[in-house]
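Numbering (this note's numbering), first residue to last: 10 to 366.
Even glycine gets a Cβ: it sits at the ideal position worked out from N, Cα and C.
Just so it is clear, the structure is predicted and the values come from calculations on it, not from any experiment.
Worksheet: the structure to be examined is printed underneath.
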């Protein structure tokens, strides 16, 4: 691999699916130029249709010297089923981008392609680490104090108690690595904070985390409004609930910004005020909008999923995030707590009845 973890003096190589998502190379290549301007020692592996990539590179000549192209004339469709992608995906731009990690040619991969296909291909190629069952998609949600690490946001629709505990372990390690918090606080998303609320699996996960055999600063149940309030730094849930919550937050953020923009452009006076306030409005938009990239945690390698409609700025931020997390030690933190998981999953021994010997 091009770089040992934590050594910033060696070249950092990131593998890019240049054809995935709604826009393909027309957005990915300008995003690469923007990201590399902030990473002077990094290089990129661009996977996809070489003529299309070179056509975009012609507009960013400074980028060519820091990129290597790996031609692929096949792309996984956004509506392709994961099982089909696994059978027919070899040789596609997404497959090759992930395979570059296993082959030691890159330290991380970024794709805006089909989420289910990316998860299935990544798990097949890289395998799971530390006896984890399945990868989880994690999102960083803005809150008044910084960000809340929120997972799973779509990779696993059905989750039992053991999987929720795995997500807590992965999310805590990721938050420490990505945001520099020594001991992040962790909460389990529920319909209320009372111990008796929620379905059986979430109550069982709460019991396991409460026992303290796993080295986490667990604070119990949290509710939906705690995600953006920053009540805890890591919020854990199943992929169905997490995806619905994430999409609801994204929709609310777009609605708020659009309504504010409409109000500020409703007349000549307000339009002038909006022009003067444009930098502040952009900061407001960036603050309330969830980041577009979600790492797949739990793999033997780092893969980031960028949403399909990502623009140049958003995809560039995903590349920068991949570089930051890839150079951290979060995988070792996950390994440490996973060693305690089998013991923690053993149910409590029932107390003897009165008078029993």
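For residue j and residue i, believed in contact at Cβ under 8 Å, the rounded distance
| i | j | result |
| --- | --- | --- |
| residue 59 | residue 34 | At roughly 10 Å, the Cβ-Cβ gap does not stay under 8 Å, so residue 59 and residue 34 are not in contact. |
| residue 121 | residue 316 | 7 Å |
| residue 110 | residue 310 | 4 Å |
| residue 53 | residue 25 | 5 Å |
| residue 107 | residue 78 | 17 Å between Cβ atoms; not a contact. |
| residue 196 | residue 221 | With 8 Å as the limit, residue 196 and residue 221 do not qualify as a contact, their Cβ atoms being about 15 Å apart. |
| residue 307 | residue 141 | 4 Å |
| residue 199 | residue 207 | 4 Å |
Same chain, Cβ closer than 7 Å to residue i, five either side skipped, listed in chain order
| i | result |
| --- | --- |
| residue 28 | 34, 57, 58, 84, 102 |
For residue i, the first and last residue of its enclosing alpha helix (DSSP H)
| i | result |
| --- | --- |
| residue 85 | Here residue 85 belongs to no alpha helix (DSSP H), and DSSP marks it neither H nor E. |
| residue 263 | 248-273 |
| residue 184 | 170-188 |
| residue 107 | 102-111 |
| residue 25 | Run containing residue 25: none in the alpha helix (DSSP H); it sits in the beta strand (DSSP E), 21-26. |
| residue 320 | Unbroken run through residue 320: none, as it is neither H nor E. |
Of the residues the options, the one placed nearest residue i, counting alpha carbons only
| i | options | result |
| --- | --- | --- |
| residue 210 | 92, 168, 133, 236 | 168 |
| residue 126 | 115, 86, 23 | 86 |
| residue 72 | 253, 37, 190, 285 | 37 |
| residue 335 | 322, 69, 305 | 305 |
| residue 100 | 80, 138, 116, 44 | 80 |
| residue 224 | 202, 237, 175, 204 | 175 |
Cβ shell of residue i (< 6 Å), same chain only, five flanking positions each side left out
| i | result |
| --- | --- |
| residue 302 | 313, 315, 327, 330 |
| residue 143 | 165 |
| residue 42 | 69, 72 |
| residue 91 | 125, 126, 129 |
N- and C-terminal bounds of the beta strand (DSSP E) containing residue i
| i | result |
| --- | --- |
| residue 79 | 76-80 |
| residue 145 | 145-152 |
| residue 314 | 311-315 |
| residue 117 | 117-120 |
| residue 304 | 302-306 |
| residue 51 | 51-57 |
| residue 155 | 155-160 |
Residues near residue i in its chain [Cβ-Cβ closer than 8 Å; skip 5 each side]
| i | result |
| --- | --- |
| residue 7 | The structure shown does not extend to residue 7, since the chain is modelled only from 10 through 366, so no value can be given for it. |
| residue 21 | 11, 12, 48, 50, 51, 52, 116, 332, 335, 336 |
| residue 361 | Model confidence at residue 361 stands at a pLDDT of 45, short of 50, so the residue's coordinates are unreliable and nothing is read from them. |
CB contact below 8 Å: residue i versus chain B
| i | result |
| --- | --- |
| residue 52 | Here chain B cannot be found, since the structure has a single protein chain. |
Q: Mind the definition here: the segment 325-336 touches the segment 161-179 only if three or more C-beta pairs lie below 8 Å; say whether that holds.
A: no
Q: Check whether the segment 256-272 touches the segment 213-232, counting contact only when three or more Cβ pairs, one atom from each stretch, lie closer than 8 Å.
A: no
Q.
Is it the case that the segment 148-156 contacts the segment 237-246, given that we only count it when at least three CB pairs across the two stretches are under 8 Å?
A. yes
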